[in-house]
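Residue numbers (the working numbering), protein chains in the order written: chain B, 38 to 474; chain D, 38 to 474; chain S, 38 to 474.
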């Protein structure tokens with residue numbers, strides 16, 4: 038079990054620290070669904086893994102959608118009569134309504150207010166707002182800042198461009214023994230937001246980095262894409278190959294301290310659903326499982342009825358359950374190395390289950406075989422662990438009739454997958470079990 | 038949604054008042070499973086809808102049963118030595134054991150007692166008793182009246198007739214776009230009893246009356262029949278056409294103040310079951326669902342194994358859970374206009390679900406379509422209702438793959454049917470959704 | 038219902054007393070998986086039923102196993118320096134590690150300790166230990182006795198033999214109307230242990246004895262075998278005939294005062310599972326049902342995937358839930374005649390359900406038949422029992438459509454099997470119901 042080797046070799050918190058470091062590095066960049074912020078992000082990821090960069094021209098039709106104009110921004114501010122920048126993009130890139138068209142003019146407070154977005158319930162936080170498909174401009178600011186503004190003339194400036202260009206995304210493919218693929222997808226289109234965006238980018242990057250060092254049964258495809266338009270584009274360009282995707286996870290919100298939350302694939306009973314449920318039950322204290330619903334992240338596209346891919350979404354706190362979501366409070370204090378590391382481990386255990394899950398056939402199906410004469414009978418029959426291992430062998434023998442995978446056996450016996458897997462391998466060595474087919 | 042127009046147009050309590058008025062008019066009549074009381078009842082119903090009257094001769098074999106002799110009654114009493122009517126049919130028609138053979142003679146109290154029916158637990162109430170298939174005579178009276186009787190000679194008189202004649206029932210058919218039928222059936226064979234009988238008669242009458250004003254997808258068949266022998270007769274005479282019945286409800290006990298109670302069809306998972314469960318869950322505060330059992334009203338016959346029709350029974354309080362059942366206490370005070378009106382509304386909402394339930398096909402099944410460019414994206418995305426409508430569209434799109442009806446989608450999304458139905462119609466208008474062929 | 042005749046004819050506690058008497062008689066014998074103790078046991082059982090004795094030679098291959106050498110023992114002891122027997126096989130045969138090789142020599146306490154087995158948590162109890170497949174010797178003793186031993190030289194003697202011989206088992210076959218079989222299997226290989234062994238032996242013996250007096254629909258096969266190697270041997274020798282086994286129960290731990298516990302067959306939804314669950318629910322106050330797991334008694338072999346027979350295990354307290362299990366405390370005080378008798382009754386009721394369970398076809402499937410004209414309408418319609426019997430008839434009529442057995446009908450109606458069975462027989466007599474072909 039190659040992945041289990043990684044798990045064992047990890048120094049506690051080491052990966053969490055590495056992930057946090059990457060989040061910190063990516064944090065200041067102003068990203069959007071297109072533009073140089075996204076490209077810079079991929080360049081930094083390329084310091085860890087050899088991501089291939091794809092560029093799709095503005096105007097390309099992707100199913101029902103069209104790739105939009107490319108947006109870039111250099112600066113933005115609101116100055117008061119004294120020429121002081123009272124709102125400054127350089128202090129927080131959240132201040133600009135993402136995808137704002139360029140503007141530079143004098144404006145009264147009254148008129149300016151129509152372009153403001155605030156969060157009255159959280160008066161110190163700056164909201165994050167976008168307007169990708171409707172051309173307008175605006176500023177996001179804290180309610181307190183808003184209330185402090187005097188009636189006077191202001192100078193507003195958004196030094197942005199919205200022009201024909203490209204949509205950019207990154208793809209990293211790891212070839213395994215088998216052409217069957219596991220898809221790991223994250224959106225990387227948000228500016229300075231840590232949990233909803235960068236935590237997923239970091240987890241995906243390090244998963245790719247660590248898996249690239251070992252041999253795997255499955256091939257892996259890692260996607261760093263802008264939300265919605267990115268997955269729509271990728272699915273459109275790769276439509277003929279999606280049948281290779283046997284399992285998939287959308288990575289988002291994995292850096293906060295909440296319990297794990299798994300949103301099932303649309304199928305609801307795919308192997309990925311079974312694997313994540315098993316791992317959460319046996320390896321994570323507190324967790325919640327929710328049924329698929331057609332809202333959220335890119336699983337919406339992967340699970341659209343024309344694809345219906347077995348892709349779930351494994352998060353910690355879902356986006357609609359933490360108030361910091363899409364605000365300036367989703368910052369470098371909100372995510373922690375320990376949480377990131379724990380999320381990484383959980384993803385790795387899930388992939389370990391998928392890598393090792395298989396169906397075997399009991400070669401001695403009439404009555405139990407005599408374990409003792411093969412040295413499989415526990416030498417310390419009273420030790421709890423020995424008993425569990427013996428019981429695991431009996432379960433594997435009893436259910437390896439061509440109907441049950443190891444994961445099915447783990448679920449029916451209520452034993453952790455690794456115990457069942459170890460028992461199966463002990464039996465394989467004696468020839469009592471053989472591969473199915 | 039034509040039925041929803043009715044629902045909107047109803048003035049609160051208006052229909053309830055109309056129904057109560059009809060109950061009051063029918064209350065004094067002495068009905069039985071045959072005879073002129075049943076005919077008079079149908080005549081009064083004909084003031085509202087053009088019910089067709091059927092007459093089946095005594096002796097006709099209907100499956101395992103035979104149409105009995107026709108019973109009619111003019112008067113009945115018990116007189117004491119002073120010639121005073123101490124029990125008088127003209128005061129309450131419940132006093133006579135329904136289907137009593139004629140009798141007129143002097144009799145001692147001791148012998149008379151063998152022909153008495155009382156309710157010791159409710160000493161002021163007169164019970165309702167029948168003897169359709171065993172020829173005898175008897176009187177029902179309150180326990181208190183019974184205890185007040187002195188040892189003396191009495192004169193008993195039942196001026197009834199039991200002769201060859203007919204069994205009468207009423208049928209009202211509303212032609213819809215489609216020959217597929219919805220059956221609404223009530224028993225109308227009880228004398229002065231309001232909840233168990235007349236409430237169902239009134240609801241069925243007004244349902245027919247209101248539906249006759251609109252165009253419907255389904256055809257509707259309304260039956261006013263004597264219990265058991267009536268449904269047996271109708272099924273026997275119409276055996277070749279019952280396959281047209283796609284959904285059905287038996288109406289009974291809909292005038293009391295209890296919560297709604299739905300008894301499922303024998304199939305248990307018919308569309309009528311799904312529709313009523315959905316409506317009770319989303320539109321009625323308190324309710325109970327019980328599995329089919331082979332006792333109760335005419336659903337016993339419709340759900341006999343040789344027919345197994347998708348017919349349930351939607352009541353308020355079931356007959357065995359209110360003590361007034363089959364007693365003089367089930368009177369004009371026990372049922373109320375408000376309760377009748379609320380029951381009417383609930384039936385109408387159920388029919389609205391059936392009328393509108395359909396399967397559609399998402400024409401843009403690969404990824405989500407872009408709702409914004411079609412004006413379907415909520416203009417007020419923060420409003421709860423807008424969000425629900427958008428979510429409803431996403432659900433309809435996601436599940437309209439040829440496997441789910443709108444009602445299935447409403448159930449899986451846990452949204453009310455009308456919200457899902459409205460979303461589907463918005464999508465139909467844009468061509469994103471089409472009828473399943 | 039012939040079995041119900043037995044049930045009615047049993048004098049309370051009579052069978053329990055008889056069973057307890059047999060347990061007492063068998064208690065002193067030193068049994069093992071082979072040897073004369075097992076033969077003597079069968080001889081005593083033969084005083085009740087004509088068990089056929091089978092002998093399989095040492096060295097016979099039975100699937101993955103080999104019949105071991107035969108073990109016999111005459112005496113065993115540990116003497117102190119004064120020549121006193123401080124551990125004496127004649128006082129308790131549990132003192133000897135079952136299957137100990139012969140030994141006779143002087144030995145120091147220190148060396149002797151390596152051959153001791155005690156139960157520190159229950160310092161007065163002697164444990165029961167075996168070493169069937171690894172040749173060694175040992176003594177089992179109470180922790181208190183162990184602590185009282187002085188440092189001195191001891192004389193140990195185990196006068197046993199381990200030589201080529203036979204494995205012995207008993208089989209009793211009762212021919213019924215039908216070659217389809219019900220298997221009742223118990224292990225009889227434990228020495229002086231009452232609940233885990235002799236209670237099952239006694240119940241199996243008396244079940245066979247009582248059933249031999251009546252005519253049955255099924256044939257019955259009763260097995261008295263050594264655990265594991267016995268069922269493996271029997272299955273190997275009878276492999277071609279196991280398909281005749283339609284239902285089966287492994288009998289163990291039926292003499293203690295705990296609630297009934299049923300361990301389902303591997304199939305989980307076999308008719309035996311349905312029957313036992315029904316009986317426990319309707320006829321036993323307190324009980325527990327557990328899913329199959331591949332550990333326990335001989336159901337492990339019957340339910341191995343190559344056989345997957347519909348065999349469950351009906352116990353009172355399972356072996357791992359009473360501390361007396363496999364200790365000297367599982368003695369004649371631990372089991373009681375009342376508990377044994379109650380277990381016997383429960384087994385008999387289960388067999389009564391299996392004997393009578395069948396599928397019938399309603400001959401009047403369109404609408405209900407008229408029960409009254411056939412004298413099936415309750416004469417006392419207000420009596421609760423009459424109502425239940427009428428309801429049972431309606432259930433049987435409604436569900437006898439070729440999809441439901443009587444047991445299915447009992448489960449769906451939530452009525453006890455005997456009520457449903459009686460209703461079915463009343464309907465059979467009138468011709469309203471016929472056997473399904």
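Cβ coordinates follow ideal geometry from the N, Cα and C atoms, glycine included.
CB contact below 9 Å: residue 437/S versus chain D: For the purposes of this step, residue 437/S is identified with residue 400 of the third chain, where counting begins at 1. So, interface residue.
Using C-beta distances below 7 Å, list every residue in its chain close to residue 242/D, excluding the 5 sequence neighbours before and after it, in chain order. Looking up residue 242/D in the second chain gives position 205. Excluding sequence positions up to five before and after residue 242/D, its CB lies within less than 7 Å of the CB of 59, 82, 85 and 86, all in the same chain and listed in chain order.
Measuring straight from C-alpha to C-alpha, what distance separates residue 363/D and residue 166/D? Along the second chain, read from residue 1 onward, the residue named residue 363/D stands at position 326. Along the second chain, read from residue 1 onward, the residue named residue 166/D stands at position 129. The alpha-carbon atoms of residue 363/D and residue 166/D are separated by roughly 8 Å.
Assigned secondary structure, residue 108/B (DSSP; H/G/I helix, E/B strand, else coil): Along the first chain, one-based indexing puts residue 108/B at 71. Residue state, collapsed to three classes: strand.
Would you check if there are 3 or more beta carbon pairs closer than 8 Å linking the region 205 to 220 of chain B to the region 143 to 156 of chain B? no
Check the Cβ-Cβ distances between residue 38/B and every residue of chain S, and say whether any is below 9 Å. The residue you call residue 38/B lines up with position 1 of the first chain. Interpretation of residue 38/B is limited by its pLDDT of 48, a score under 50 that renders its predicted location unreliable; the figure taken from the coordinates is listed afterwards. False, the Cβ-Cβ gap to chain S never drops below 9 Å.
Do we get a CB-CB distance below 9 Å when we pair residue 406/B with the residues of chain S? On the first chain, residue 406/B is found 369 positions in, with the first residue counted as 1. Closer than 9 Å to some Cβ of chain S, the Cβ of residue 406/B qualifies, so yes.
Secondary structure, alpha helix (DSSP H): runs of 4+ residues fully inside the region 142 to 173 of chain S: 146 to 150
In the DSSP assignment, find the unbroken beta strand (DSSP E) run with residue 303/D in it and report its ends. Numbered from its first residue, the second chain carries residue 303/D at position 266. Where residue 303/D is concerned, there is no enclosing beta strand (DSSP E), given that its DSSP letter is neither H nor E.
What is the rounded straight-line gap between the Cα of residue 460/S and the Cα of residue 105/S? Taking the third chain and counting its residues from 1, the one referred to as residue 460/S is at position 423. Taking the third chain and counting its residues from 1, the one referred to as residue 105/S is at position 68. Approximately 54 Å between the Cα atoms of the pair.
Applying the criterion that 16 or more other CB atoms from any shown protein chain within 10 Å of the CB defines a buried residue, is residue 403/D buried or exposed? As a first step, residue 403/D is located in the second chain; it is residue number 366 there, counting from the start. Buried, because 16 or more other Cβ atoms sit within 10 Å of the Cβ of residue 403/D.
With 9 Å set as the bound, which would you pick, yes or no: does the beta-carbon of residue 409/D sit closer than that to a beta-carbon of chain B? As a first step, residue 409/D is located in the second chain; it is residue number 372 there, counting from the start. Yes, because at least one Cβ of chain B sits closer than 9 Å to the Cβ of residue 409/D.
Chain D partners of residue 341/B, CB-CB under 7 Å? To locate residue 341/B, count along the first chain from 1; it is residue 304. Per Cβ cutoff of 7 Å: 402, 403, 404, 405 and 435.
CB of residue 208/B within 9 Å of CB of residue 244/B, strictly: For the purposes of this step, residue 208/B is taken as residue 171 along the first chain, with counting starting at 1. For the purposes of this step, residue 244/B is taken as residue 207 along the first chain, with counting starting at 1. For residue 208/B and residue 244/B, no; Cβs fall outside 9 Å.
Which residue's Cα is closest to the Cα of residue 476/B: 348/B, 397/B, 438/B and 79/B? Any question about residue 476/B goes unanswered here, given that chain B covers just 38 to 474.
What residues from the region 355 to 380 of chain S come within 9 Å of chain B, judged by C-beta to C-beta, listed N to C? none
Is the Cβ-Cβ distance between residue 42/S and residue 386/S less than 9 Å? Within the third chain, the letter at position 5 stands for residue 42/S. Within the third chain, the letter at position 349 stands for residue 386/S. No, these two residues do not count as a Cβ contact at 9 Å.
Since residue 321/B sits in a beta bridge, which residues does DSSP pair it with? Within the first chain, the letter at position 284 stands for residue 321/B. According to the DSSP secondary-structure assignment, residue 321/B is paired through a beta bridge with no residue.
Indicate whether at least one CB of chain S lies closer than 9 Å to the CB of residue 229/B. Numbered from 1 along the first chain, position 192 holds the residue referred to as residue 229/B. No, because no Cβ of chain S sits closer than 9 Å to the Cβ of residue 229/B.
Using a Cβ distance threshold of 8 Å, determine whether the region 260 to 271 of chain S contacts the region 308 to 323 of chain S, with at least three qualifying pairs required. no
Would you mind reading off the limits of the beta strand (DSSP E) that contains residue 472/D? As a first step, residue 472/D must be located in the second chain, where it is residue number 435. Its beta strand (DSSP E) spans residues 470 to 472.
Look at the alpha carbon of residue 72/B and the alpha carbon of residue 233/B, and state the distance between them as a whole number of angstroms. If you number the first chain from 1, residue 72/B lands on position 35. If you number the first chain from 1, residue 233/B lands on position 196. Distance between the alpha carbons of residue 72/B and residue 233/B is about 19 Å.
Proximity test, Cβ basis, 9 Å: residue 443/S and chain D: Translated into positions along the third chain, residue 443/S becomes position 406. No - not a single Cβ of chain D is within 9 Å of the one on residue 443/S.
Less than 9 Å between the C-beta atoms of residue 376/S and residue 438/S, yes or no? Within the third chain, the letter at position 339 stands for residue 376/S. Within the third chain, the letter at position 401 stands for residue 438/S. No. Outside cutoff.
Could you tell me which chain S residues have their CB closer than 8 Å to the CB of residue 156/B, listed as they occur along the chain? For this step, residue 156/B is matched to residue 119 along the first chain. In chain order: nothing, as chain S lies at least about 52 Å away.
How big is the Cα-Cα spacing for residue 38/B and residue 393/B? Mapped onto the first chain, residue 38/B falls at position 1. Mapped onto the first chain, residue 393/B falls at position 356. Here residue 38/B scores only 48 on pLDDT, less than 50, and its place in the model should not be relied on; the value that follows carries that caveat. Going by the C-alpha atoms only, they are around 7 Å apart.
What is the DSSP secondary structure of residue 38/B, counted as helix, strand or coil? Counting from 1 along the first chain, the entry for residue 38/B is found at position 1. In this prediction, residue 38/B has a pLDDT of 48, which is less than 50 and means its spatial position is unreliable; nothing more can be read from the coordinates.
List the endpoints of the continuous beta strand (DSSP E) containing residue 258/B. Taking the first residue of the first chain as position 1, residue 258/B is located at position 221. That run of the beta strand (DSSP E) goes 256 to 262.
In or out: residue 129/S buried (at least 16 other Cβ within 10 Å) or exposed? What you label residue 129/S is simply residue 92 of the third chain in a count that begins at 1. Residue 129/S should be labelled buried.
Can you give the Cα-Cα distance for residue 454/D and residue 301/D, rounded to whole angstroms? As a working note, residue 454/D is residue 417 in the second chain. As a working note, residue 301/D is residue 264 in the second chain. Answer to the nearest angstrom: the Cα atoms are 20 Å apart.
When DSSP labels each residue in this structure, what does residue 119/S get in the three-state scheme? Stepping through the third chain from its first residue, residue 119/S is reached at position 82. It is coil, neither helix nor strand.
Cross-chain neighbours of residue 432/S in chain D, by beta carbon under 8 Å: Here residue 432/S refers to the residue found at position 395 when the third chain is read from its first residue. 330 and 331, listed in chain order.
On a Cα-Cα basis, can you pick out the residue from 274/B, 153/B, 329/B and 318/B that is closest to residue 92/B? If you number the first chain from 1, residue 92/B lands on position 55. The shortest C-alpha separation from residue 92/B is found at 274/B.
Identify whether residue 381/B lies in helix, strand or coil by the three-state DSSP scheme. The residue given as residue 381/B occupies position 344 in the first chain. It is helical.
Within this structure, are the beta carbons of residue 196/B and residue 127/B separated by less than 9 Å? The residue you call residue 196/B lines up with position 159 of the first chain. The residue you call residue 127/B lines up with position 90 of the first chain. No.
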